[in-house]
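Asks: In my numbering, the protein residues as written are 4 to 346. From the three backbone atoms N, C-alpha and C, an ideal C-beta is built for every residue, glycine too.
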Amino acid sequence: MPSQRVLAFLAAALLLLASVQGGFGILRLLGLRSGIDSLATGDCGRCGTGLLNLCDERECLSLGACAFTQKLIGGTCADTQDSVYGLDATSGSIVIRRDIPYGSEDKQVLDLCRPKTMSGKVPGVILIHGGGGDKSDFMRSCKLLAAGGYVAATINYREEPAPAYPMLLDDARLALSWLRARPEVDSTRMGAMGGSAGGYLSSHLGTRQDTERVQCVVNNFGPTDWSDPAVGGSPDMYERFTTKLFGNVTAEDDPGLYADASPITHVTSDDADFVFTRSVNDRLVPKSQAERMIAALRAVGKTVPDLYEFNGTGSAHALQMSTEEMLKLWRFQKGFLDSCLTR
């Protein structure tokens, strides 16, 4: 009979194989691909940093991680048991449709979650993953929102080739337009929630002066001002992020481009209602990004809660936390959407 040491080794090998073949991925969290998966395939480009899909060989093994027992909810690591969040996956109360095209490009697809029964139109929420991520990253949030009476869509969008701006914003706006046109969705009650690059795009959807603007935004650790070289946590990372977004155009070359790409530039008194969250240990997006955006919104008369900071650990956005902390954050996010969209 195999010894306990042999059995432990075999179990670890199976877990490693599962991470390489996909599944949750040992390092997969919002906008972060598995470092082990990336190294095994020889494609470190699949291993993101949370803002955009960028990395090198040193970073692949140093990014923050969700454990095998965790998935994502509200943009952060979370326990895999649906029952922890009051969601009975076998109840049949929600309907999920996957890989629905919202445009003609391969990346322009979404997953839709809605209540099985609805009396009249209900609010809609678009969910946007971080750079290098996938629409599946927000599936649990999608299901929870549907169980709470929303129609939610978690989307993929184009990040390549560079420059990604405004291509990725165009995709987010197109997906929002698709969701808004659904017959069961109340087009006057629309929300957006995302993490990292998804939080950044969500902020655009709440500030741009066009018909696709939403009424409520949850920005989880997303940048709001690309002219700030503190984004990324180091000059090298800032350069790499901005090169991904703008090609070889620097802020000095074209300040107008960087201003247009920054949600803080577009703040007006009729913008969406906002909340902002981040980990106290976030290494990529400085606290000042959210605080300055909050100040700008308050300056034009918007009522914005103080920045919500959670006690996360790990590298990159530092998204690992206890189930208790995660539930507290989700209640904050969901409570805001409820107060904003169901009042």
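#1: Would you identify the three-state DSSP class for Gln-323, choosing helix, strand or coil?
#2: Identify which residue in Lys-337, Val-125 and Lys-119 has its Cα closest to the Cα of Ile-97.
#3: To which residues does DSSP link Glu-312 through a beta bridge?
#4: Thinking C-alpha only, which one of Lys-290, Tyr-105 and Arg-143 is nearest Asn-159?
#5: Where Gly-67 and Ser-122 are concerned, what is the direct C-alpha to C-alpha distance, given to the nearest angstrom?
#6: Since Asp-114 sits in a beta bridge, which residues does DSSP pair it with?
#7: Let me make sure I understand the geometry here. Which of Gly-198, Ser-180 and Tyr-203 has the alpha-carbon closest to that of Arg-192?
#8: What first and last residue would you give for the alpha helix (DSSP H) that runs through Thr-253?
#9: For the alpha helix (DSSP H) that contains Arg-301, what are its first and last residues?
#10: Between which two residues does the beta strand (DSSP E) carrying Leu-130 extend?
#11: At what residues does the alpha helix (DSSP H) containing Asp-140 begin and finish?
#12: Which residues mark the beginning and the end of the beta strand (DSSP E) in which Met-196 is found?
#13: With distances taken from CA atoms, which of Ile-129, Ala-178 and Val-307 is nearest Val-112?
#14: Figure out for me which residue from Met-196, Asp-309, Gly-209 and Asp-274 has the closest Cα to the Cα of Phe-141.
#15: Asp-174 lies in the alpha helix (DSSP H); which residues open and close that run?
Replies: Reading from the atomic positions:
#1: As a working note, residue 323 is residue 320 in the sequence shown. Residue state, collapsed to three classes: strand.
#2: Position 94 of the sequence shown holds residue 97. Comparing Cα positions, the closest option is Lys-119.
#3: Within the sequence shown, residue 312 is the residue found at index 309, counting from 1. Paired residues: Arg-281.
#4: Numbered from 1 along the sequence shown, position 156 holds the residue referred to as residue 159. Ranking the options by Cα distance to Asn-159, first place goes to Tyr-105.
#5: Numbered from 1 along the sequence shown, position 64 holds the residue referred to as residue 67. Numbered from 1 along the sequence shown, position 119 holds the residue referred to as residue 122. Confidence is the limiting factor: at Gly-67 the pLDDT is only 33, short of 50, which leaves the residue's position unreliable and the question unanswerable from this model.
#6: Counting from 1 along the sequence shown, the entry for residue 114 is found at position 111. Looking at the DSSP assignment, Asp-114 forms a beta bridge with Thr-157.
#7: Locating residue 192 in the sequence shown gives position 189, counting from the first residue. Nearest option by C-alpha distance: Ser-180.
#8: Translated into positions along the sequence shown, residue 253 becomes position 250. Counted as a single uninterrupted DSSP element, the stretch harbouring Thr-253 is not any alpha helix (DSSP H), since DSSP gives it neither H nor E.
#9: Taking the sequence shown and counting its residues from 1, one reaches residue 301 at position 298. Where Arg-301 is concerned, the enclosing alpha helix (DSSP H) stretches over 290-302.
#10: On the sequence shown, position 127 is the one that residue 130 refers to. Start and end: 125-131.
#11: To locate residue 140, count along the sequence shown from 1; it is residue 137. Note, Asp-140: premise wrong, no alpha helix (DSSP H); not H, not E.
#12: Taking the first residue of the sequence shown as 1, we reach residue 196 at position 193. Note, Met-196: beta strand (DSSP E), 188-198.
#13: Taking the sequence shown and counting its residues from 1, the one referred to as residue 112 is at position 109. Considering only alpha carbons, the answer is Ala-178.
#14: Within the sequence shown, the letter at position 138 stands for residue 141. Of Met-196, Asp-309, Gly-209 and Asp-274, the residue nearest in Cα terms is Met-196.
#15: The count along the sequence shown starts at 1 and reaches residue 174 at position 171. From DSSP, the alpha helix (DSSP H) with Asp-174 extends over 170-183.
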